[in-house]
Amino acid sequence: MAVASSEASDDRFVVWLDIDNTLYSANSKISVEMGKRIHAYFVELGWSDEEASELHHKYYTQYGLALRGLVRHHDVDPLDFDRKCDGSLPLEDMIKPNSELRKLLEDIDRSKARVWGLTNAYRNHAYRVLRILGVEDLIEGVVYCDYGDPHFSCKPEPQFFHNAMGLAGISDPSKCYFVDDSRANVQAAWRLGWGRCVHFCERGLEIMEGGKFKEIIPNEELPRDIEEITHLEELRRVWADIFKQR
Ligand SMILES: [Mg+2]
1 MAVASSEASD DRFVVWLDID NTLYSANSKI SVEMGKRIHA YFVELGWSDE EASELHHKYY
61 TQYGLALRGL VRHHDVDPLD FDRKCDGSLP LEDMIKPNSE LRKLLEDIDR SKARVWGLTN
121 AYRNHAYRVL RILGVEDLIE GVVYCDYGDP HFSCKPEPQF FHNAMGLAGI SDPSKCYFVD
181 DSRANVQAAW RLGWGRCVHF CERGLEIMEG GKFKEIIPNE ELPRDIEEIT HLEELRRVWA
241 DIFKQR
């Protein structure tokens, strides 16, 4: 857990944005390229294709992040993993500056809400994505997994959300607005009392999770006060209270 920038605490809401597969669409296929590299990393450590697939999926499911299992059980250096997996992605060919996303973030009334990133990726990847999308300057800070710390936490562990609030200087969970493409992450935040949780769910698209392809179709009902959206523009409706009035 770490933070890239911080400001003195104030009483505005905090909007927490997941980054991967939320600020860009699963259509980008970045999850597929990421999955291939993680698989190759497991194989490089000595497992067969089959074993690698099984462990990759097991750790992703168990911990929300394959790397979490590799560090915990196999003493893998997270920074080496990051260089070979996220660091080698040809992101510049896969995502482009997004003026619609930029306008969406510009239209959040900053007298009411601050805007932060909240990601299971390491800092380098998080900022690279924000830079390519052309929104880096609209994000006050990013809470990321600190791969430099062998005991780092990640979503959906409660500790990650607690630490994030501390880093942003906010103590009231009901003032947290959160959007993520992972239902597990959104539900974890909701259970901690985060006030306005939104599941970004591109139903019908294909994504790779834990090394396996899956169609995005949630298999369980959401609690009534978690909104589901299929396009980020819908945040203007579900979070109307923090957008500038037109
Ligand atoms: Mg995500």
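First residue of the sequence shown? That's 1 in the numbering used here, and the numbers climb one at a time after it. By construction, the Cβ of each residue, glycine as well, lies at the ideal position given by its N, Cα and C atoms. For clarity, every value in this text was computed on a predicted model and none was experimentally measured.
Worksheet item: Between the C-alpha atoms of SER107 and VAL71, what's the straight-line distance to the nearest angstrom?
Response: Locating residue 107 in the sequence shown gives position 107, where the first residue counts as 1. Locating residue 71 in the sequence shown gives position 71, where the first residue counts as 1. For clarity, residue 107 is Asp in the given sequence; the question names Ser instead. Using only the alpha carbons, I get a separation of about 40 Å.
Item to complete: Have a look at SER6 and ILE242 and give me their C-alpha separation to the nearest angstrom.
Response: Here residue 6 refers to the residue found at position 6 when the sequence shown is read from its first residue. Here residue 242 refers to the residue found at position 242 when the sequence shown is read from its first residue. Annotation note: pLDDT 49 at SER6 (below 50); position unreliable, coordinate value reported separately. Roughly 21 Å between the two C-alpha positions.
Worksheet item: ASP248 bridges to which residues according to DSSP?
Response: Residue 248 lies beyond the range of the chain shown here (1 to 246); nothing can be said about it.
Discussion item. Checking the sheet assignment: what are the DSSP bridge partners for SER94?
Written reply: Position 94 of the sequence shown holds residue 94. The amino acid at residue 94 is misidentified as Ser; the sequence shows Met. Looking at the DSSP assignment, MET94 forms no beta bridge with any residue, so it has no partner.
Worksheet item: Does DSSP classify GLY117 as helix, strand or coil?
Response: Within the sequence shown, the letter at position 117 stands for residue 117. In the structure shown, GLY117 sits in a strand (DSSP, three-state: E or B).
Discussion item. Let me check you understand the geometry: is the CB of ASN27 closer than 7 Å to at least one non-hydrogen atom of ligand 1?
Written reply: Counting from one through the sequence shown, the residue named residue 27 turns up at place 27. No - ligand 1 has no heavy atom lying nearer than 7 Å to the Cβ of ASN27.
Worksheet item: Leaving out the 5 sequence neighbours to the left and right, which residues in its chain are closer than 7 Å to HIS56 when beta-carbon positions are compared?
Response: If you number the sequence shown from 1, residue 56 lands on position 56. Excluding positions up to five away in sequence, the list reads ILE38, HIS39, PHE42, ALA66, GLY210 and GLY211.
Worksheet entry | Under 8 Å between C-beta atoms of ILE95 and ILE132 | Numbered from 1 along the sequence shown, position 95 holds the residue referred to as residue 95. Numbered from 1 along the sequence shown, position 132 holds the residue referred to as residue 132. It is a contact, given that the beta carbons lie within the stated cut-off.
Worksheet item: Is LYS155 buried or exposed, if buried means 16 or more other CB atoms sit within 10 Å of its CB?
Response: In the sequence shown, the residue the question calls residue 155 occupies position 155. Residue environment for LYS155: buried (at least 16 other C-beta atoms within 10 angstroms of its C-beta).
Item to complete: Please confirm whether any heavy atom of ligand 1 lies closer than 7 Å to the CB of ASN124.
Response: Stepping through the sequence shown from its first residue, residue 124 is reached at position 124. Outside the cutoff, so no.
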